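I have placed the structure first, in the form of structure tokens, so that the comments after it can refer back to it.
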Amino acid sequence: MRNYLKLLHMEIHRFRSILFVLMGLTALVQICAIAFSTIGEINERNAYFQQTGKPAETFFAAMSFTRMVQNTQFWFAVPVGLSIAVLVIYAFLIWYRDWFGRSTFAFRLLALPSERRNVYFAKLTAILTFIFAMLGFQLLLMPICRAVFTMIAPADQIQPSFIADAIFANQAFKILLPRSFGEFFANYGLGIIALLILFASILLERSYRWLGIALGLAYAGLCAALMFFPPLALGAEYSVGYLYTEEIYAIQIAIDLLIAIVSVWLGLYLLKKKVSV
Amino acid sequence: MIELKEVRKRYRGRNVLNGLSFTAEKGSITCLIGMNGAGKSTIMKAIMGLVPIKEGQILIDGKPRGKWMYEKVSFVPDHLTMPLGMKMSEGLTFMADFYESWNAERAAELMRFFRLEPKEKIGNLSKGTAAKYNLVLGLALNSEYVLMDEPFSGIDLFSREMIADVFSSELIEERGVLLTTHEIDEVEYLIDKAVILQDGKAGLEFDCETMRSEQGKSIVDVMREVYSR
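Chains A and B are the protein sequences, given in the same order. Sequence positions in the first sequence follow the numbering used here and run 765 to 1041. Sequence positions in the second sequence follow the numbering used here and run 29 to 257.
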């Protein structure tokens, strides 16, 4: 356990600067988007008042933080998309950076006097930590964005709104920060299983090289088929089928859990017995 | 004793190790000799469990390998094995964190001996300095065996002399060393035993002193004989 924590600390330490850059970029883009969008609307309201002499409220809807988030969907989604892309790339790099280049840290990691599974779980936990750190940061950023909005918008024209509504107003957040725990569990559960499949495929490649690429792709394809085919075959998309929806979900969860267990087992087996540097 | 018994390993469709057997004893320097691609580095990596073998057995003091052996056998590869973004001092801390057999005093002594600057980034090290740093990482462990893969490769004369000095010091005396090198004539006087690799096997295994005194042949002479057959 002590060695696992040390390795986890090291993995997080190695990625910390990129993580901070992503957080900084997300904060900068989203705060600027809210600020510019709010200033833009205030200017439009002022122009309307100057042109017509009528108060802006007669033509414009009340200014709410939720609407501002809705208006800036693209700029909110850009850093989120970029962070996801970086994390997906890093899920590969977290292994490959130790094998390639002037320094092959894999030599050292695999020759540590501790179980090799610590290396596997440290890398896995590190990626999950980065994902949830970004998610937590995004949640933290929302009240900050709202504070920026409140500071800029005239107090008498602000319509109060909940941050939960603002989150729901953005299409990307609907998936990343769903309202129900069930959806959150399903989305991130599938994400974690995808990560486990990816790790198993990478370790297949690191163990069998060219043949390993084919094996890795075949394994990922098989897992994807197992994850997506049964619910469709069992009629999950029909309201009236042979099985109840709950039964189909139960089968699906059982299959997903099995894939997760097999992927972890395969990854650990390859790391212990087959991987080469 | 490090013992390889009938070890077989295929690499890129070729039998790199084809029933290789030899031993490397504690308290002596054993040199693996072979042409390029003979599998010298593969043998080192196989002993360390860094590549799987197809068949055969590798024993350390009569026992099959396991995680315990990494405290007992240290490996000095021919390239860096620490993240380039780390400082040399951070690399030493990493070793101290994970290895019970790490000897921090000896590490500091070796850093001074090789005139290495602990604050320097590993990514900025030249080939020669990297080789010295690798030696620090390998020799500062209180291990019983040290495997060294081409410790003199691409290194300037002055650095070579420094590394050669280490071989004749008390840092090596008690341990078993298994070494690969192309610079045989330069280090011949240090080597106790030679294993000449041929077709994935130990073509010849001999005691260098006996060979010199009884047949008057140097390692290079024996190599010429073996490879001209």
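For every residue, glycine included, the Cβ atom is placed at its ideal position computed from N, Cα and C. Everything numeric in this text was worked out from a predicted model, so none of it was measured.
For residue 231(B), which residues in the same chain have their Cβ closer than 7 Å to its Cβ, ignoring the five residues on either side in sequence? 224, 225 and 254
Neighbour flag for residue 208(B) against chain A, beta carbons, 8 Å: no
Mind pulling the alpha helix (DSSP H) runs of 4 or more residues that sit fully within the region 810-880 of chain A? 829-835, 837-860 and 869-874
Using DSSP's beta-bridge definition, name the partner residues of residue 43(B). 38(B)
Measure from the C-beta of residue 191(B) to each C-beta in chain A and report whether the shortest distance is under 8 Å. no
For chain B, find out if any of its Cβ atoms is closer than 8 Å to the Cβ of residue 887(A); answer yes or no. no
Environment of residue 969(A) [buried if 16+ CB atoms lie within 10 Å]: buried
Contact check, residue 95(B) vs residue 971(A), beta carbons under 8 Å: no
Counting C-beta neighbours from all protein chains within 10 Å, is the total for residue 890(A) 16 or more, i.e. buried, or is it exposed? buried
State whether the region 191-204 of chain B contacts the region 213-223 of chain B, with contact taken as three or more CB pairs (one from each stretch) at a distance under 8 Å. yes
Residue 83(B) to residue 35(B) span [Cα, whole Å]: 6 Å
Residue range of the alpha helix (DSSP H) that includes residue 79(B): Looking at the DSSP string, residue 79(B) is not in any alpha helix (DSSP H), and its letter there is neither H nor E.
Local conformation of residue 96(B) per DSSP, three classes: coil
Does any residue of chain A bring its CB to less than 8 Å from the CB of residue 104(B)? no
Kindly identify the DSSP beta-bridge partner or partners of residue 221(B). 58(B) and 235(B)
Does any residue of chain B have a CB that is nearer than 8 Å to the CB of residue 1041(A)? yes
For a test of the three-state rule: what should DSSP assign to residue 109(B), helix, strand or coil? coil
Are the C-beta atoms of residue 205(B) and some chain A residue less than 8 Å apart? no
Just to confirm before moving on: does the CB-CB distance between residue 875(A) and residue 103(B) stay below 8 Å? yes
So what's residue 787(A) in DSSP terms, helix, strand or just coil? helix
Only counting the same chain, and skipping five residues up and downstream in sequence, which positions put a Cβ closer than 7 Å to that of residue 776(A)? 890 and 893
Could you check whether the Cβ of residue 112(B) sits closer than 8 Å to any Cβ belonging to chain E? Note that chain E does not occur in the displayed structure, where the protein chains are A and B.
Would you verify that the beta carbon of residue 1010(A) is, or is not, closer than 8 Å to some beta carbon of chain B? no
By the DSSP assignment, the beta strand (DSSP E) with residue 173(B) in it spans what residues? 173-177
Which residue or residues does DSSP assign as beta-bridge partners of residue 208(B)? 60(B) and 177(B)
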